[in-house]
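Protein chains in written order, with our numbering: chain A, 1 to 290; chain B, 1 to 233; chain C, 1 to 321; chain D, 1 to 365; chain E, 1 to 249.
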Amino acid sequence: MDLATFAVQCLNAVQYGLLLFLVASGLTLIFGIMGIINLAHGSFYMLGAYLAFSLSPLFGPHFVTMLVCGTLLAALFGYLLEWAFFSYLYQRDHLQQVLMTWALILVFEELRSMLVGNDVHGVKPPEWLAGTVALGELMTYPVYRLFASAACLLIGAALWFTVNRTRLGMMIRAGASNRDMVRGLGIPITRLYRTVFAGGVALAALAGMIAAPMSSVYPGMGGHVLIVCFVVVVIGGIGSIPGALIAALLVGFVDTFGKVFFAELSGIGVYLLMAVILVWRPEGLMKRGY
Amino acid sequence: MLQVEGLNTYLGDSHILRGVDVSLPAGTALGLMGRNGMGKTTLIRSVMGYVKPRAGTVRWQGAECTGQAPERMARRGIGYVPEGRGIFPNLSVRENLVMSARAGVNGQRDWTYERVLETFPRLAERLDHGGQQLSGGEQQMLSIGRALMTNPLLMILDEATEGLAPLVVAEIWRVIALIRDSGISTLIVDRNARQVLAHTDQAVVMEKGRIVLAGPSAQLAEDTEALHQLLGV
Amino acid sequence: MTALNRWLPLIAALLLAALPTVLSSYLQDLVLRIMVLAVFALSLELLVGTTGLVSLGHAAFYGIGAYATVKLSPESEPGNLLILVPAAMAAAGVYAAAVGALSLRTKGVYFIMVTLAFAQMAYFVVHDTKFGGGTDGIYLNLRPVLALGGHEFINLDDKRSMYWLALAALVLTYAALALIRRARFGHALAGIRVNEQRMRAAGFATTLYKWAAFVVAGMLAGLAGFLVAAKDGFVNPEMLSWHESGAVLLVIILGGLGHLRGAVIGAVSFVLLKEALSTPALVGNLLAERWQLTLGLAVMACVALMPKGLIGLAQRKGAGS
Amino acid sequence: AQQAPLKVGFMLPYTGTFAALGDAIEKGFKLHVDEQGGKLGGRAIQYFKVDDESEPSKATDNVNKLIKRDQVDVIVGTVHSGVALAMARAAKESNTLLIVPNAGADAITGPLCAPNIFRTSFSNWQPGYATGVIAAQKGYKKAMTITWNYAAGTETVKGFTEAFEKGGGKVVKDLSLPFPNVEFQALLTEIAAQKPDVVFAFFAGGGAVKFVKDYDAAGLRKTVPLMGSGFLTDGTLQAQGAAAQGLITSLHYADGIETPRNNAFRNKYAVTYKANPDVYAVQGYDAAQLLAAGLAAVKGDASKKAELQAAMNKATIDSPRGKFTLSPQRNPTQDFYVREVKGEYNVTSGIAVKALADPGRGCKL
Amino acid sequence: MSEVLLQCQGLTRRFGGLAAVNDVSLDFRIGEVHAVIGTNGAGKSTLINMLSGEMPASAGRIELQGADITAMPQPKRARAGVGRSYQRTTIFPEFTVFENARLCAQAAFARPWALWQSASACADTGTIAHEALEAAGLADAAQRPACTLSHGAKRQLEIAMCLATRPRVLLLDEPLAGMGAEETDRMLALLERLKPGHAIALVEHDMDAVFRIAERITVMVNGQVIATGSPDAIRTDRQVQIAYLGDQH
Ligand SMILES: Nc1ncnc2c1ncn2[C@@H]1O[C@H](COP(=O)(O)OP(=O)(O)OP(=O)(O)O)[C@@H](O)[C@H]1O
Ligand SMILES: Nc1ncnc2c1ncn2[C@@H]1O[C@H](COP(=O)(O)OP(=O)(O)OP(=O)(O)O)[C@@H](O)[C@H]1O
Ligand SMILES: [Mg+2]
Ligand SMILES: [Mg+2]
């Protein structure tokens, strides 16, 4: 592999990593920080992609407006969802959430099939992001991918700031460890968690909307990303946003170079990485000091 | 300020509180005493709204608020230091304090981050430690500090001196006196009956879910016989 | 009441043994399927419900048991049960021993994910290499028999033999696990589930205990794998996929954790619920086609209304009467 | 006497990624039955349906629902190759007639072939081989292939390589990625670095959409021509949009086949279902035709299994795709079209290979 | 002089830059209550964690009856006779009080391979558990789920669980915290009874109790030992008064 190709491959790896991070960010919030084992995360992602598919004709060039509207819709949806299905699960064995979210996946898939059908769809990126930049003599790189990467970083930074630097973030984390005590301090945990859950759903949907023009929109698309997202969150150290970013980039590199050098067994790469990291550091890469 | 009448509380099937009456005027300190398992914590948790009483009323500043959610009670000005401390292990000391900071019901901000650290200098040295990593006593200080950060009108301290070094305990009693002087009421549960009586205006003794002795603390302190019988001191 | 309760598993086993005489071949297959799933679920129950180790890679041992059965069966003559069953369990057990040794360093969700990682590795090995026959899976040419000294005692080509073998496996698994839970070993495992720190302080080498439980669970899953291979005569990489691991986890959660009966009830209700909801003859064509929706809603209702799983329902009734 | 209706069991994906395919197959099948007045070989048809969930590990149990519970005379299914293989085993054991309307696994009409197992679609080898022929004819010398690391992919690629190298070209590298991974960028970079004359790809569904779009976005479409088995652009063109324009693929069906047979079929389908038929619908339709041919020979008496199967194997099916017969292994011997993407259609520009038969390697019939 | 059961030399534990326990050398003898007191965060619990094997030492050496056990894992140490209680209640909440104690007693009779024997029918562990509960004053509550105990009762259970392992060295981390006056008396009487045949390390902030029962007292401040000696010597030690006791005692 010559140097130029290597450089491009590195770029690919970073870009894929960032995309993974984007998709995993909502999971970091719901699973990593609130502590809900949410198998339906992939469905929220799919919801976002289908939102992009159905909203983009309405909004045309106003892509960012569409993102905002879609995110708000998803947040509202998440708020109701929490109220209906999760609010009474916190006191119970965490594994009940597994069952609940799994059932949600089934329902989502079926509703999607009933509402939008089973066809594969494409979503066009907005005109102003549709171009490409040249990369070496043969290749070009879509501007949209660069946009998506930038969005990932922005969202990641905002999320990190919210979780680690604001009182809201502290309350969320506190709630994950001791709900009763949080209430005793005068913080309405029920509403807080409902809102945060909505935020997690919104993030997942936002990721789906941003990814839609790159990945196309198809049935079962959520299931495919789900496991990788969990891998990212866990390798990074549950609840750590910088950890998730590093993990996502690592996965990006392992996946990219695994495909190039060990095509036969490239499927194993990511899991080997996870196993090695967790056996080496049983609490992930960036587990908080406390 | 706080008035509890005829409170009956069940935990599971067991009848724990059997008609408890307690009242706490503003700006005073009330000591709550009793042997282990007599229902002190249950009384506090019923007042805070963690458990719903079956019968009886809880009045706070004249308004009935029986069985209201703990967050409502806290918002109305009750600061709660639970037994077992309830520190958030995954938050640093600073975050434990900052997250709970709030102006009081009347907008008072007597207790600030700085003042809490001044009161517990040990915490200032441990700001970036996680709650999990603190020693038992440090956790206790943090728990008290955290409750103070909500600028309450009433502090409920359930075994707040547990695990604290004698010097710190003395400091806590000083703080309680201070709080009382600034017009904040306190409800104190503590194993050290002598200290409780020395630092409160009124005191009650519980036995098997009932109040069996009540009166001004100074007066109770005299009654060694009753104290010995009820508390074993 | 309690006496009946106590003998219930035995009564159920006897009933099950008699069933093939009255059931149609399809229903007999259905029961067979439930029994195999129950063995698989019971093996996981030892880990999750008893020891508190939530594994999302249990299908690896199941799959390895199944693949070992097929791989070790001779091309052109039937394999021998006496060799294949121990071999399948041993193969699964060996992998479990290795995975356990590595993954027990981690806890909680990290443990879930490490077990998943090792299972996925096994999955990709059979999925992406010639060894495992690739995505298409491999066939078992001839079903195993129990032959001793040239005399054939059991031939699994006979449906009823297969049925009774599975029943025997279920009964033995249940009995073994019941013994374990009753014995000091099981009590120690339960202690580890509730408070491992205390168990160590009391003097239990908890890692060793957990490892032993992990290996036993792996071997029992291997047994379930053997049964599937013998029943279907066909193994596929998907047997090792995380979907399968997840599915069996769902079964025991639905049934109710912490009880052997929960795992069995979970297996029964899961299969029957899905079967019923996707059978047009029962729910009508329209609904049958939307079985995912109805199954999803049914499970959600279960979670919402039954905090302790299906077993909780049975117990509450028991307590009330 | 009035004969009881013939029981036809569909075992198809009604949920999940392949749900649309299953739907089309069923519609195609029923369309033919309806055209015959709801009867085949004089017998009314009763349908049974089982969702196969595209889940091989549940396949045996699922197919047994049809065989044992519903006791169907014929099974039609399925899309997913792994599932189809398990079905083939069950069908073989119970000697139930099985018609595979899509799954391309070579083994079904290879090592696993049986007198009662028929296929009305293709073997994976076939479209790959046909595309290889086209690529070689175009004079390409150096090719790369790319696909998912699973049976359908590798078998298709094998067909391509066989034909391409027979025609004088050379496949310099096979790229693959685990199913259903859709992150192609690394492999596209690999292609750009190697600069082959042509790239052969096998993907389907969502992966095909993403691959074609990524290929275009990477700027490769203009420099390295992309060819593929027809599934790369079937049912996906609306989603692929401009990125797919000019793509050359090969399949046993195409959009612009202007024969009266095809036009009639398309009209009928469009009228009945308010949707355009695709290759899957055709395969389903032909499954019904094949069954009809067999039943006609035994006058609807499905219990005469040997005669029925023999008749089916001898039948010439007048398919919308053009007439085809079955190879001794019961796989279609059919024409493969050269197709080029124009707008939202796979327009045919002729036949790549006439009457291409799968070699049926490993079949002992 | 009586036999030294457990001792440590130069024991140190660092958390990052902080030396929570710094070069501490102590011994614990049969027939003696050795109280370790000190300011909050002085490192007493950390010391106990190291002695019991819960936490590895950064430096130093631990000996049990002369044998080096510094690297011995906690369970093995526990079986060798080192028992501990926790400052933060560490029980099995969903089991009954009796089961809590029996499980701890079982450690000495582990025999996990004896699958045919029922654990609850094991007479040895049952007796030990009963004795331990009796000693801690919880016999009445034996059949209640542990999570329904009051805070003080949980503290008693904590001690009972430690006793049930039949240790020779008792490392007690604030055993009296949360107990009322009566229970405190009972506990002190219990310790008095245990003294012969046991080495007891007592970490406690209740000075009345400490001075009543301890033969020897070690005072720690910020990870270091600032004084060791008889109760009277400690009571009057100026440094100790300034750092820890105040003027009340
Ligand atoms: N969930 C429960 N179910 C039944 N009884 C309970 C439950 N929780 C506590 N109890 C019982 O209620 C009684 C009162 O408990 P409470 O915690 O109020 O006592 P306390 O006075 O605070 O004691 P301590 O001084 O030990 O903290 C105790 O006897 C306890 O055993
Ligand atoms: N895991 C840890 N990581 C970092 N610092 C820790 C950790 N555990 C304890 N510490 C620190 O080490 C010091 C000693 O703690 P330790 O718990 O041993 O104190 P202690 O003497 O038991 O105090 P107390 O009487 O309050 O219980 C404390 O300052 C504490 O903050
Ligand atoms: Mg209490
Ligand atoms: Mg301590």
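Beta carbons: idealized from backbone N, C-alpha and C, even for Gly.
Q: Can you give me, in chain order, the residues of the stretch 30-58 of chain C that have a beta carbon less than 9 Å from any beta carbon in chain D?
A: Leu30, Arg33
Q.
Is it buried or exposed, Val126/C, if we count other Cβ atoms within 10 angstroms and call 16 or more buried?
A. buried
Q. Sorry if obvious, but does the Cβ on Asp173/E come closer than 7 Å to a heavy atom of ligand 4?
A. yes
**Q.** Residues from the stretch 171-183 of chain D in contact with chain A, defined by Cβ distance under 7 Å
**A.** Leu175, Ser176, Leu177, Pro178, Pro180, Val182, Glu183
Q.
If I follow the unbroken alpha helix (DSSP H) through Met187/E, where does it start and stop?
A. 181-194
Q. Pairing CB atoms from the stretch 136-150 of chain A with CB atoms from the stretch 14-30 of chain A, are three or more of them under 8 Å?
A. yes
Q) Opposite Lys305/D in the DSSP bridges: which residues? A) Answer is none; Lys305/D lacks a bridge partner.
Q: Compute the beta-carbon to beta-carbon distance between Ser266/A and Lys210/D, rounded to the nearest angstrom, for a pair I have assumed lies under 8 Å.
A: Rounded, the Cβ-Cβ distance is 17 Å, inconsistent with contact.
(Q) Let's see if you can read the secondary structure: which residues bound the beta strand (DSSP E) around Cys8/E? (A) 4-15
Q. Which term fits Ser230/E, buried or exposed, when burial requires 16 or more other beta carbons within 10 angstroms of its beta carbon?
A. exposed
Q | Three-way DSSP call (helix, strand, coil) for Thr348/D in this model | A | strand
(Q) For a test of your reading of the model: does the CB of Ala153/E fall under 7 Å from any non-hydrogen atom of ligand 1? Yes or no. (A) yes
Q: Express the C-alpha separation of Gly239/A and Gly32/A in angstroms, rounding to a whole number.
A: 4 Å
Q.
Quick check: is the beta carbon of Tyr113/B nearer than 8 Å to any beta carbon in chain A?
A. no
Q.
At a threshold of 7 Å, does Asp158/B count as lining ligand 3 (C-beta to nearest heavy atom)?
A. yes
**Q.** Sequence-distant residues of its chain with Cβ nearer than 7 Å to Ala90/D (five each side left out)
**A.** Thr60, Val63, Asn64, Ile67
Q | Nearest to Ile257/D (by Cα), restricted to the options Val271/D, Val279/D, Tyr273/D, Ala239/D | A | Val279/D
Q.
Alpha carbons only, please: which of Trp280/A, Leu285/A, Lys287/A is nearest the one belonging to Ser103/C?
A. Trp280/A
**Q.** Residue interval of the beta strand (DSSP E) (run including Trp280/A)
**A.** Note, Trp280/A: premise wrong, no beta strand (DSSP E); alpha helix (DSSP H) at 266-280.
Q: Consult DSSP for Leu21/D and reduce its assignment to one of helix, strand or coil.
A: helix
(Q) Taking only three categories from DSSP, how would you classify Gly34/B? (A) strand
Q. If you drop the 5 nearest sequence neighbours on each side, which residues of the same chain put their C-beta closer than 8 Å to that of Val175/B?
A. Thr119, Ile144
Q. Should Ser135/B be listed as close to ligand 4, given that the test is whether its C-beta is under 7 Å from any heavy atom?
A. yes
Q: Report all residues from its chain with a CB closer than 7 Å to the CB of Gly16/D; omit the five preceding and five following residues, and keep chain order.
A: Glu53, Ser54
Q. Got a sec: which bits of the stretch 9-30 of chain D sit with their beta carbon under 8 Å from any beta carbon on chain A, in order along the chain?
A. Thr15, Gly16, Thr17, Ala19, Ala20, Asp23
**Q.** Proximal residues to Glu196/C (C-beta, below 7 Å), its chain only, five neighbours per side dropped
**A.** Thr206
Q) Closest Cβ-Cβ distance between Pro166/B and chain E: below 8 Å? A) yes
Q) Using a beta-carbon distance cut-off of less than 7 Å, what residues from the stretch 209-242 of chain C approach chain D? A) Asp232, Gly233, Phe234, Asn236, Glu238, Met239
Q) How about Ile189/A: is its C-beta nearer than 8 Å to some C-beta of chain B? A) yes
Q. Any Cβ of chain D within less than 8 Å of the Cβ of Tyr163/C?
A. no
Q | For Val189/B and Thr50/C, the rounded distance between their alpha carbons | A | 39 Å
Q | Own chain, CB closer than 7 Å to Arg3/E, minus 5 neighbours either side, in chain order | A | As written in the sequence, residue 3/E is Glu, which differs from the Arg given in the question. Taken in chain order, the residues that qualify are Arg29, Ile30.
Q.
Please classify Ser14/B as buried or exposed, where buried requires at least 16 other C-beta atoms within 10 Å of its C-beta.
A. exposed
Q. Residues of chain E with CB under 7 Å from Thr41/B, in chain order?
A. Ser150, His151
Q: Would you decide whether Asp158/C is buried or exposed? Buried here means 16 or more other CB atoms lie within 10 Å of its CB.
A: exposed
Q) Mind pulling the chain C residues with CB within less than 7 Å of Asn131/E? A) The sequence given here places Glu at residue 131/E; Asn does not occur at that position. Here the premise fails: no neighbours, minimum Cβ distance about 16 Å.
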